[in-house]
Each structure stands twice: as C-alpha cells, then as structure tokens.
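Beneath this line is the structure, given in structure tokens, with notes to follow.
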Amino acid sequence: MSEVINKAVEALKVKLPDGFSSTAKFVIEDEGSIIVDENGVREGDDDAEVVMIADRETFEGMLGGDVNPTAAFMSGKLKVDGSMGLAMQLGAALA
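Just so you know, the sequence shown maps onto residues 1 to 95 in the UniProt record's numbering.
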C-alpha cells in the first residue's frame, strides 16, 4: 500500500469514525483506492455504490479542507460514478 493511501485511510478514519451507511470507493489516480462502508475505512478495490475519482492533490485538498468537494466536482477535478446522493453525503462529511 502506498504512503498516500495510508495517510488517506487514516484521515478518512478521523472524518468518518463510524464508517458510512453504504459502500463508497475513493480512487486516487496512480496511487490506489480506498473503501468506506459500515465496517469503517480501509484500502481496497471492492465494488461500491458510488466511486469518487480524483488526483492526489485534489483528494489531499478535500481531506485537508482546502478544496470543496462540490467545487472540485463542478470544475472536473473530481469525477463521480454511481449514486450522486451518496456522493453528496460523503462530500458533506469531508467538508
């Protein structure tokens, strides 16, 4: 597992301490992917109801609070595949 994924997993555990009611996947381009579900946060590439794809800089900015997830989506820096409603819930949790 890459250091970027390790740091992202730890940051997401802080932001989502109780996990997430559905299954979501964050794909960090050229680094790997993270699963968030009712069991918590972990590195993984499982199927998910929503997949959010971004480069490392955008993802780190969202976790750090410097990048608004909605603005990232509207500018094309964040791609969403699957349930937009779940993506909005996750975006609110990350903001």
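Cβ atoms here follow ideal geometry from the backbone N, Cα and C, with glycine treated the same way.
What you are looking at is a predicted structure, and each value in this text was computed from that prediction instead of being measured.
Three CB pairs or more closer than 8 Å across the segment 44-57 and the segment 65-80: yes
On the criterion of 16 or more Cβ atoms from any shown chain inside 10 Å, does residue 87 qualify as buried, or is it exposed? Counting from 1 along the sequence shown, the entry for residue 87 is found at position 87. Burial call: buried.
Give, in chain order, every unbroken run of the beta strand (DSSP E) that is at least 3 residues long and sits entirely within the UniProt domain "SCP2" (23-94). 24-28, 32-37, 40-43, 50-54 and 78-82
Outcome for residue 17 when other beta-carbon atoms lying within 10 angstroms are tallied against a minimum of 16: Taking the sequence shown and counting its residues from 1, the one referred to as residue 17 is at position 17. Label assigned to residue 17: exposed.
Could you give the distance in angstroms between the alpha-carbon of residue 45 and the alpha-carbon of residue 14? Locating residue 45 in the sequence shown gives position 45, where the first residue counts as 1. Locating residue 14 in the sequence shown gives position 14, where the first residue counts as 1. Taking the straight line from one Cα to the other gives about 21 Å.
Could you say which of 5, 2, 20 and 12 lies nearest to residue 156 if we only look at CA atoms? In the structure as shown, the chain begins at 1 and stops at 95. Residue 156 is therefore absent and cannot be evaluated.
Determine the direct distance from the alpha carbon of residue 71 to that of residue 6, and round the result to whole angstroms. The residue you call residue 6 lines up with position 6 of the sequence shown. The residue you call residue 71 lines up with position 71 of the sequence shown. The straight-line gap from Cα to Cα measures roughly 25 Å.
Rounded separation between residue 8 and residue 68 - CA only: In the sequence shown, the residue the question calls residue 8 occupies position 8. In the sequence shown, the residue the question calls residue 68 occupies position 68. Near 16 Å, if we compare the C-alpha coordinates of residue 68 and residue 8.
Whole-angstrom C-beta distance between residue 4 and residue 28, which should lie under 8 Å: Locating residue 28 in the sequence shown gives position 28, where the first residue counts as 1. Locating residue 4 in the sequence shown gives position 4, where the first residue counts as 1. Indeed, because the Cβ distance is near 6 Å, the residues count as touching under 8 Å.
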